[in-house]
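Here's the structure we're looking at; comments come further down.
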């Protein structure tokens, strides 16, 4: 089992009309996990909440980051990820320091009275665009770092990061900077780099790219 061996297969959301199995290698996910461990300074006395369904790639770091950091993994009951009151209760009673929200669920969570005044070390957001107003509402409601992450299923979970802290007033909230050993390019239809501020298509490079789509050599080549 070397760095190029298969680590897991996870399916895309099907937003393009077809679910596709994506094969991620050990090298890719280890790079992602080690970046997260060192970049955010996780220590063995921390507690991470695992509440993301295993069909969503965010669950990969929730399951495996505790194994390389020594953090305590607290697994939420089934369907708890849909219940703001239950999440708030878990955060309080289990002394959770880190968890993940998709922005739409974060909005529902912050709207619940149980979220008022909560204190955490860090919240990660990904899976949807993080609205600037939601960033500001979090900092007005509770105390926690907020980090905006971005990545498609075709790479190992996340490929970019942005610190959406109380001093961040960007609009819209950026997807930010590439993680370790990862390149982000904005290109035109002819694969030429676009100048800063000019729209284009986002291309990825580096260690975290998937090997390809399982059983679909045609789509992988495309």
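Numbering (the working numbering), first residue to last: 4 to 225.
All C-beta atoms, glycine included, are put in the ideal place defined by N, C-alpha and C.
Computed from a prediction, not measured in an experiment: that's the story for all the values here.
Report task. Could you say if the region 163-175 and the region 142-152 meet the contact criterion of at least three C-beta pairs nearer than 8 Å? Result -> The answer is yes - the region 142-152 touches the region 163-175, with three or more Cβ pairs under 8 Å.
Query raised in the report: What residue range is occupied by the uninterrupted beta strand (DSSP E) comprising residue 16?
Result: Residue 16 -> no beta strand (DSSP E), and no H or E assigned at all.
Query raised in the report: Quick one, are the C-beta atoms of residue 96 and residue 125 less than 7 Å apart?
Result: Not a contact, by the Cβ cut-off of 7 Å.
Query raised in the report: Tell me which same chain residues have a C-beta within less than 6 Å of the C-beta of residue 110, skipping the five on either side of it?
Result: 137
Query - Per-residue DSSP class, three states only, for residue 221 - result: helix
Query raised in the report: What is the DSSP secondary structure of residue 226, reduced to helix, strand or coil?
Result: The chain is shown from 4 up to 225; residue 226 falls before or after that span and cannot be answered.
Requested in this report: Whole angstroms is fine: what's the gap from residue 121's alpha carbon to residue 217's?
Outcome: 42 Å
Query raised in the report: If residue 162 and residue 185 are in contact, beta carbons under 8 Å, what's the gap, nearest whole angstrom?
Result: 5 Å
Requested in this report: Enumerate in chain order the residues of its own chain whose CB-to-CB distance from residue 36 is below 8 Å, with the five nearest sequence positions on each side excluded.
Outcome: Beyond the five residues adjoining it in sequence on each side, residue 36 comes within less than 8 Å, by CB distance, of 64, 67, 68, 71 in the same chain, given in chain order.
Query raised in the report: Cα separation between residue 84 and residue 104?
Result: 9 Å
Query raised in the report: Which residue's Cα is closest to the Cα of residue 219: 60, 14, 47, 44?
Result: 14
Requested in this report: Select from 55, 59, 147, 127 the residue whose C-alpha is nearest the C-alpha of residue 165.
Outcome: 127
Report task. With DSSP as the reference, label residue 150 as helix, strand or coil. Result -> strand
Query raised in the report: Per DSSP, which one or two residues make a beta bridge with residue 215?
Result: Partner(s): 26.
Query - Nearest neighbour of residue 204, chosen from 55, 215, 212, 194 [CA to CA] - result: Nearest in C-alpha terms to residue 204, of all of 55, 215, 212, 194, is 194.
Requested in this report: Could you tell me which uninterrupted beta strand (DSSP E) segments, each at least 3 residues in length, are contained entirely in the region 120-175, listed from first to last along the chain?
Outcome: 122-128, 146-153, 163-166
Requested in this report: Tell me, please, which residues DSSP counts as bridged to residue 103.
Outcome: 127
Query raised in the report: By how many angstroms is the C-alpha of residue 213 removed from the C-alpha of residue 225?
Result: Taking the straight line from one Cα to the other gives about 14 Å.
**Report entry** Within 7 Å, strictly: CB atoms of residue 135 and residue 115
**Finding:** no
Query raised in the report: Between the C-alpha atoms of residue 112 and residue 182, what's the straight-line distance to the nearest angstrom?
Result: 28 Å
Query - Continuous beta strand (DSSP E) stretch holding residue 78: start and end - result: 75-78
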